[in-house]
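Take a look at the structure set out below.
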Amino acid sequence: MGQDRSADAAAIVAASAALDRSLVSGTPADVAAFFTPDAVLCESGYHDVVGRAAIERFLTEANAVRTVVGHRIHQDELIFVDERRALEFGRFDETKTKPGHPGPIHERGRTVTDWRREPDGQWRIARVVVSDLPSS
Numbered sequence: 514m515g516q517d518r519s520a521d522a523a524a525i526v527a528a529s530a531a532l533d534r535s536l537v538s539g540t541p542a543d544v545a546a547f548f549t550p551d552a553v554l555c556e557s558g559y560h561d562v563v564g565r566a567a568i569e570r571f572l573t574e575a576n577a578v579r580t581v582v583g584h585r586i587h588q589d590e591l592i593f594v595d596e597r598r599a600l601e602f603g604r605f606d607e608t609k610t611k612p613g614h615p616g617p618i619h620e621r622g623r624t625v626t627d628w629r630r631e632p633d634g635q636w637r638i639a640r641v642v643v644s645d646l647p648s649s
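Reminder that position 105 of the sequence shown reads as 618 in our numbering, one-by-one numbering, no gaps.
Quick look at the structure:
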């Protein structure tokens, strides 16, 4: 029988919720801290962003032209690969504002996140693929 991963699953859910909060009220450095040093961010319409420092720069540039006012990751499935890795399949809802744009902008999409337990015991994102869905 498989190992009980409920504590690990709860830690990943907690990390996702903290990431949601950081995307709204944290700094780019706060958000980047959820990623491993060699992480890869793959987002619709952009080249892959490789490394925690590059992810922080990417977020700094993004925050210069928009403000995230709401973000929520919804976990659909979590699969543990081994004691150090888990794959999370999910969806996101994001609301942001942009100067000169009338009203809030709502985006939604799908995510695949490769979580890795780091030597300090924290679960961090090693790779995430973010795919926006067309607005309905």
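Idealized CB from N, CA, C, for every residue including glycine.
Bear in mind the structure is a predicted one, so any value in this text is a computation, not a measurement.
- Shown here, R640 sits in a strand according to DSSP, grouped into three states.
- A check of alpha carbon separations from D533 across D521, D589, R597 and F547 identifies F547 as the nearest.
- Between F593 and V625, the CB-CB gap reaches or exceeds 7 Å.
- The Cβ atoms of R640 and V544 do not sit closer than 7 Å to each other.
- Rounded to whole angstroms, the separation of the alpha carbons of R630 and H587 is 20 Å.
- Following the DSSP letters along the chain, one finds E607 in no alpha helix (DSSP H) but inside the beta strand (DSSP E) bounded by residues R598 to T610.
- The Cβ atoms of P550 and R570 lie no closer than 7 Å to each other.
- One alpha carbon belongs to T608, the other to A575, and they sit about 14 Å apart.
- Rounded to the nearest angstrom, the gap between the Cα atoms of V578 and D517 is 44 Å.
- In the three-state DSSP reduction, V553 falls in the strand class (E or B).
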